[in-house]
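Structure first, commentary second.
Encoded structure:
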């Protein structure tokens, strides 16, 4: 399987579309946010015109009230890969949800199922003590997992503590166990877009977040909140950008502020959270030494990426 990966805002979509001009591909999205319908602006979802250029899969397949797991992705991706090849076309995995890539390469950990009531207890504890305090608790019971998480990485800290409290075993111990073979698939060849200068990526992230706000991201969030069946703890609403927007819209409602009043604060926290996401993505990628790296901030990055992908396709990967 051939995958084009990299941190957010590194140019993956543009490179995939450029490849489509030279080779009959279909894109399989590797993005845990793009699966949700109605979440278009804040996810930088490929536009209708871009999706018309080449077939995209695993976009808009879930309602924001639903969940979508790594196991769901593996099953869907393996089915789609076979179907695309049967059509005589090349499947190209494109995205930055590195957990999905790891699941394809290594299989799925047979973790305890989510416990909604326990997660609510953990979130309530975090409301009182703060996520850094829960990160410190995690460091005592699972130092391996805590070492790779930021002190405010609420979603992952919550899940790691949940696993510990349900099973009495640290998450890192579960990850060290043999994984379910039926989901451990085929080799995944990675082409990774990574910046030589982190400042280049930071500038791209800031520019894109500002564009999202200009395009109506807050209005998109207002529509989602108005449904009445969504809440801040859903996986969809915990996506980067959406989590921060939900918080600041709550703040505006509580203090009688307008959307315009909260834009500067949302912009600041949203950009910071997206930078943290990019940092985590790069950390994942550095743990995959077999990847082929293309400097996404090089002047000829697009051409380099297309050439690398074409070479791998020609080799039958």
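Residue numbers (the numbering used here): 129 to 445. Glycine is no exception: its CB is placed at the ideal position from the N, C-alpha and C atoms.
If you run the structure through DSSP and keep just helix, strand and coil, what is residue i?
i, result
"residue 219", "strand"
"residue 317", "strand"
"residue 138", "coil"
"residue 312", "Confidence is the limiting factor: at residue 312 the pLDDT is only 48, short of 50, which leaves the residue's position unreliable, though a coordinate-based value still follows. Looking at residue 312 - three-state DSSP - the assignment turns out to be coil, as it is neither helix nor strand."
"residue 182", "coil"
"residue 156", "strand"
"residue 149", "coil"
"residue 164", "strand"
"residue 322", "strand"
"residue 420", "strand"
"residue 187", "coil"
"residue 169", "coil"
"residue 444", "coil"
"residue 133", "strand"
"residue 205", "helix"
Check each candidate in the options and name the one with the smallest Cα separation from residue i.
i, options, result
"residue 190", "201, 181 and 175", "201"
"residue 363", "284, 421 and 213", "284"
"residue 234", "303, 295, 395 and 345", "303"
"residue 330", "399, 185 and 152", "399"
"residue 299", "339, 268 and 326", "268"
"residue 272", "173, 340, 289 and 322", "289"
"residue 369", "199, 395 and 265", "395"
"residue 367", "141, 140 and 169", "169"
"residue 188", "159, 391, 206 and 214", "159"
"residue 165", "365, 198 and 180", "365"
"residue 257", "246, 242, 280 and 274", "280"
"residue 278", "405, 431, 422 and 225", "405"
"residue 212", "153, 247 and 356", "153"
"residue 342", "391, 301 and 325", "391"
"residue 259", "246, 282 and 244", "282"
"residue 327", "207, 407 and 435", "407"
"residue 179", "210, 315 and 141", "141"
"residue 387", "301, 244, 344 and 203", "344"
Count the other C-beta atoms from every protein chain shown that fall within 10 angstroms of the C-beta of residue i, then say buried if there are 16 or more, exposed otherwise.
i, result
"residue 163", "buried"
"residue 415", "exposed"
"residue 136", "buried"
"residue 427", "exposed"
"residue 350", "exposed"
"residue 310", "The predicted model places residue 310 with a pLDDT of 43, which falls under 50 and marks its position as unreliable, so this point remains unresolved."
"residue 409", "buried"
"residue 348", "buried"
"residue 270", "buried"
"residue 192", "buried"
"residue 175", "exposed"
"residue 157", "buried"
"residue 224", "buried"
"residue 184", "buried"
"residue 332", "buried"
"residue 403", "buried"
"residue 161", "buried"
"residue 177", "exposed"
"residue 264", "exposed"
"residue 354", "exposed"
Using 8 Å as the cut-off, classify the Cβ of residue i as near or not near the heavy atoms of the ligand MG, replying yes or no.
i, result
"residue 242", "With respect to the ligand MG, the structure offers nothing, as it holds no ligand at all."
Check whether the Cβ atoms of residue i and residue j sit closer than 9 Å, and answer yes or no.
i, j, result
"residue 440", "residue 317", "yes"
"residue 130", "residue 437", "yes"
"residue 182", "residue 155", "yes"
"residue 346", "residue 382", "no"
"residue 401", "residue 143", "no"
"residue 138", "residue 322", "yes"
"residue 319", "residue 240", "no"
"residue 172", "residue 420", "no"
"residue 424", "residue 411", "no"
"residue 262", "residue 286", "yes"
"residue 352", "residue 167", "yes"
"residue 360", "residue 379", "no"
"residue 205", "residue 236", "no"
"residue 246", "residue 297", "no"
At a Cβ threshold of 9 Å, is residue i touching chain D?
i, result
"residue 154", "No chain D is part of this structure, which consists of one protein chain only."
Mind the definition here: the segment 225–236 touches the segment 244–258 only if three or more C-beta pairs lie below 8 Å; say whether that holds.
no
Could you tell me whether the segment 146–161 touches the segment 214–227, where touching means 3 or more Cβ pairs closer than 8 Å?
yes
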